[in-house]
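Working notes for the structure below.
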Amino acid sequence: HFGDGDYDRAFEYFTKAADFGDVEAQFNLSLMYREGLGVEKDEKKEIYHLEEAAIRGHPDARYNLGCREGNVGRNDRAVKHFIIAANLGYDGAIQALKKCYAGGVVSKEDFAAALRAQKAAVDATQSPQREAAAKAVAAGKIMRWI
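Residue numbers (the UniProt record's numbering): 1 to 146.
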């Protein structure tokens, strides 16, 4: 329903799923509160759901928390979030860490360790089925959930 624009129903289902511990639902609720999709924008609720998703291992949520921390000048906290997201295999976190390294915020050793961890995470999740699904999404044959 989220992809169809039926935000009221999506919110209802995401809320129920989040109550049962669904990490993707937590992340989607954070997006809904951030963008005001079917609900009023609410930064506190956005952050709550973002943190819940991050705690449960959602790499996009962890990356988004890093961006939020970096935007308010808490670079040490941002880097920690980016390193965790990289360890979970999130490519965007590597790009953020690359910028932090170029700016002198991240050491060469920490950046290299994050690169190794990100590669290991990606390698651990590769399969022919995942590659076929990614190609189908890219070709528009199937819709990505979010």
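Built from N, CA and C at the ideal position, the CB exists for glycine as well. Since the model is a prediction, treat every value here as computed from it, not as a measurement.
In the displayed model, K41 falls within coil according to three-state DSSP, outside both helix and strand. Relative to the Cα of R56, the nearest Cα in the group K80, G70, C67, D22 belongs to D22. L50 and F11 have their C-alpha atoms some 15 Å from each other. Exclusion of the five residues before and after P59 leaves A85, L88, Y90 as the residues of its chain whose Cβ lies within less than 6 Å of its Cβ. Going by DSSP, L65 is part of the alpha helix (DSSP H) stretching over 59 to 71.
Around the beta carbon of S127, fewer than 16 other beta carbons sit within 10 angstroms, so the residue counts as exposed.
Three or more beta-carbon pairs separated by less than 8 Å link the segment 96 to 109 to the segment 71 to 81, which places the two stretches in contact. The Cβ atoms of R34 and E46 lie closer than 7 Å to each other.
Here V105 carries a coil assignment [DSSP, helix/strand/coil]. Put simply, of D6, Y101, V105 the residue whose alpha carbon is nearest the alpha carbon of L37 is D6. Within the same chain, and ignoring the five residues on either side of A61 in sequence, the residues whose Cβ sits closer than 6 Å to its Cβ are F27, L50, A53, A54.
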